[in-house]
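In full-length UniProt numbering, the protein residues as written are 1 to 488.
Since the structure comes first, as structure tokens, the remarks are kept for the end.
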Amino acid sequence: MKTLALVLGNNDYHDSAKLINAVNDAKEIADVFKRLGYEVILRTNQKTQDYEEILENIKKIISEYDAFIFYYAGHGFQVKGENYLTSIDAQIQNSNEYHIKNNSISLSEIFDLLLINRINILIIDACRTPTEERGFSIETNNINVPKGTIIAFSTSPNKGAYDNGFEEHSIYTGALLKHLASIKDYITVEELFKKVRKTVYDLSGGKQVTWEHTSLIGDFRFNMGQIIYDIEIPYNERVVKDANYIGDESSISKIIMNLREHNWYVQNPALDKFLKIPPKDVNKDDLFIIGRNILQSAEGNTINSIKFIENIDVNLQRYFTENNENHLLNGILFEMYFDSLGEFRKGKFKKYYLEIIFALRKKNMYSKSFEFIHKILQQYKEELFYIPNVGKEENIDINISAILKKDRVSSNVERIYQEIQSIKILDKDIIDIIYDQGYIFGEKYKKDFELFLSNLIFAPRELFNIISNIPLSLVTLKENENLDSPFW
Numbered sequence: 001m002k003t004l005a006l007v008l009g010n011n012d013y014h015d016s017a018k019l020i021n022a023v024n025d026a027k028e029i030a031d032v033f034k035r036l037g038y039e040v041i042l043r044t045n046q047k048t049q050d051y052e053e054i055l056e057n058i059k060k061i062i063s064e065y066d067a068f069i070f071y072y073a074g075h076g077f078q079v080k081g082e083n084y085l086t087s088i089d090a091q092i093q094n095s096n097e098y099h100i101k102n103n104s105i106s107l108s109e110i111f112d113l114l115l116i117n118r119i120n121i122l123i124i125d126a127c128r129t130p131t132e133e134r135g136f137s138i139e140t141n142n143i144n145v146p147k148g149t150i151i152a153f154s155t156s157p158n159k160g161a162y163d164n165g166f167e168e169h170s171i172y173t174g175a176l177l178k179h180l181a182s183i184k185d186y187i188t189v190e191e192l193f194k195k196v197r198k199t200v201y202d203l204s205g206g207k208q209v210t211w212e213h214t215s216l217i218g219d220f221r222f223n224m225g226q227i228i229y230d231i232e233i234p235y236n237e238r239v240v241k242d243a244n245y246i247g248d249e250s251s252i253s254k255i256i257m258n259l260r261e262h263n264w265y266v267q268n269p270a271l272d273k274f275l276k277i278p279p280k281d282v283n284k285d286d287l288f289i290i291g292r293n294i295l296q297s298a299e300g301n302t303i304n305s306i307k308f309i310e311n312i313d314v315n316l317q318r319y320f321t322e323n324n325e326n327h328l329l330n331g332i333l334f335e336m337y338f339d340s341l342g343e344f345r346k347g348k349f350k351k352y353y354l355e356i357i358f359a360l361r362k363k364n365m366y367s368k369s370f371e372f373i374h375k376i377l378q379q380y381k382e383e384l385f386y387i388p389n390v391g392k393e394e395n396i397d398i399n400i401s402a403i404l405k406k407d408r409v410s411s412n413v414e415r416i417y418q419e420i421q422s423i424k425i426l427d428k429d430i431i432d433i434i435y436d437q438g439y440i441f442g443e444k445y446k447k448d449f450e451l452f453l454s455n456l457i458f459a460p461r462e463l464f465n466i467i468s469n470i471p472l473s474l475v476t477l478k479e480n481e482n483l484d485s486p487f488w
């Protein structure tokens, strides 16, 4: 679905009416929309004459799109049943209706742009004041929303909206950004706003309740699987979402297609052919997807790919560009975290060779590749225990509480082991993760236990700082109270 998004954010009002977070809100929303593949027009601190130009430009191009999103962050007024979104020329304090009308966009003007055969989404984070709330009410009761439109307000009729309260964002936009970033499945826009409403209500202590009105006929779904295709990822979408890769008659394309086959007798000679091609004859997109394919096929037990990964440091040397980029390694690192649709794997990482690959981060020559993946993973940092980085890294503290157990293997042989009660990393007890993901833990010696943890939290063992109340040698987990029987 071809989507156009107009994003406005105004901070620089007169005197005490200045806002802190509206511009930042707009910029972050615009970035998210860009990563979703929308055409985005971002404007900040707009004057009255700027509004006139914006409306005229949107009117000319809106018919080219299947959906239109309008986002506004700033001050808003209600005057005689009409709602106005003010420019920075507007006098907020002690104003009058004529001044407001002449220095604002009305919702009616926005509605006039909308096409009833399109999907239209309006998000209004207005009613702001520069102190605790974004005050000055917007009236929602008399809004006649055009067919095919949903309008979402950051607050209920005649209520103020907080300009702060969520890091560097308003509570409303902060909640919206968080939910956009955390969506893993396709959900409708109505479902998204319901999630935002609950978060805003909770974070404001019930003082701010969002409000929506809809006349949508069709569905609009925020496909967050697209979000990884960031404008800052320097590769073509067809190799970022390599499920969509379509080959041509070129020799390198044939190699790529053969590497993707689930057939060792096809994959092995394909990699041999690639390694004979001078690196300068392969473009960065092809190197990136081949890096992905090498890791894929290595984990599928293709012998030549396994040999490549096991000797990765030597094999990568010839693929550096003049500015020290290594697109082959970038593809390998990307494949570890993202699937063929460009979606974050969320716990289902390519982990078999993590120790070998992550060891490269210690070498300065690979710093650009690890900076590349580190930057991409920032939006998922709440879901990761570890993000590879260059330079000195902190240890990962793993606090383990266990109790000593004994049982008899035979009449004269006693088995001594430790039953783990909790495993806390970054204040999270990962025993719940082990149970939730259905792992069969059984019993493990300490070395195997550390390997299990490494794969579970996707981090190199050398960074582990395991602190336990008793020495660990042979361990089991406490019984899962939610099951009828334990895993072992």
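Even for Gly, the Cβ is constructed at its ideal location relative to N, Cα and C.
Buried versus exposed call for residue i [16 or more other C-beta atoms within 10 Å across all chains shown]
| i | result |
| --- | --- |
| Ser182 | exposed |
| Ala175 | buried |
| Glu383 | exposed |
| Lys350 | buried |
| Ser154 | buried |
| Thr210 | buried |
| Leu477 | buried |
| Arg292 | buried |
| Val40 | buried |
| residue 502 | Residue 502 lies beyond the range of the chain shown here (1 to 488); nothing can be said about it. |
| Val32 | buried |
Between the CA atoms of residue j and residue i - distance to the nearest angstrom
| i | j | result |
| --- | --- | --- |
| Ile423 | Leu456 | 12 Å |
| Val409 | Leu354 | 37 Å |
| Asp219 | Ile69 | 14 Å |
| Ile255 | Ala67 | 39 Å |
| Asp281 | Ile252 | 9 Å |
| Glu299 | Pro460 | 18 Å |
| Leu177 | Thr149 | 21 Å |
| Glu132 | Ile88 | For Glu132, the predicted structure reports a pLDDT of 41, less than 50, and the residue's modelled location is therefore unreliable. The matter cannot be settled from this model. |
| Ile357 | Met336 | 10 Å |
| Leu203 | Arg197 | 10 Å |
| Leu474 | Asn480 | 19 Å |
| Ile20 | Asn11 | 6 Å |
| Asp432 | Phe308 | 36 Å |
| Asn311 | Ser305 | 10 Å |
| Ile373 | Phe111 | 42 Å |
| Ile332 | Ile58 | 42 Å |
| Lys147 | Asn399 | 56 Å |
| Leu275 | Lys34 | 36 Å |
| Gly206 | Val200 | 8 Å |
| Lys368 | Glu462 | 22 Å |
| Ile294 | Ile277 | 15 Å |
| Ser359 | Glu394 | This sequence places Ala at residue 359; Ser is not what is there. About 15 Å. |
| Glu212 | Phe77 | 18 Å |
Sequence-distant residues of its chain with Cβ nearer than 6 Å to residue i (five each side left out)
| i | result |
| --- | --- |
| Val79 | Glu97, Ile100 |
| Ser401 | Gln421, Ser422, Asn469 |
| Gly225 | No answer about Gly225 holds up, because its pLDDT of 40 lies below 50 and its placement is not dependable. |
Assumed close pair residue i, residue j - CB separation to whole angstroms, cut-off 8 Å
| i | j | result |
| --- | --- | --- |
| Ile124 | Tyr72 | 5 Å |
| Pro388 | Arg345 | About 15 Å; that fails the 8 Å criterion. |
| Thr48 | Ala26 | Not really, about 18 Å apart at Cβ, beyond 8 Å. |
| Lys241 | Ser340 | 7 Å |
| Ala22 | Gly9 | 5 Å |
7 Å Cβ shell around residue i - same chain, five flanking residues per side excluded
| i | result |
| --- | --- |
| His14 | Gln91, Ile92 |
| Ser108 | Glu82 |
| Tyr352 | Glu299 |
| Asn315 | Phe308 |
| Leu377 | Tyr337, Leu384, Ile387 |
| residue 489 | Nothing can be reported for residue 489: it is not among the residues displayed for the chain, which extend from 1 to 488. |
Own chain, CB closer than 8 Å to residue i, minus 5 neighbours either side, in chain order
| i | result |
| --- | --- |
| Glu443 | Tyr417, Leu474, Val475, Thr476, Trp488 |
In chain order, each beta strand (DSSP E) run of at least 3 residues that lies wholly inside the segment 376-459: Secondary structure within the segment 376-459: the beta strand (DSSP E) runs of 3 or more consecutive residues, fully enclosed, are 396-410, 413-425 (chain order).
Runs of alpha helix (DSSP H) lying entirely within the segment 178-207, each at least 4 residues, in chain order: Listed in chain order, they are 189-203.
Alpha helix (DSSP H) runs wholly inside the segment 287-350, at least 4 long, in chain order: For the segment 287-350, whole alpha helix (DSSP H) runs of length 4 or above, ordered along the chain, are 303-310, 312-316, 327-337.
Contained alpha helix (DSSP H) runs [length at least 4] in the segment 39-77, N- to C-terminal order: Complete alpha helix (DSSP H) runs here, min 4: 48-61.
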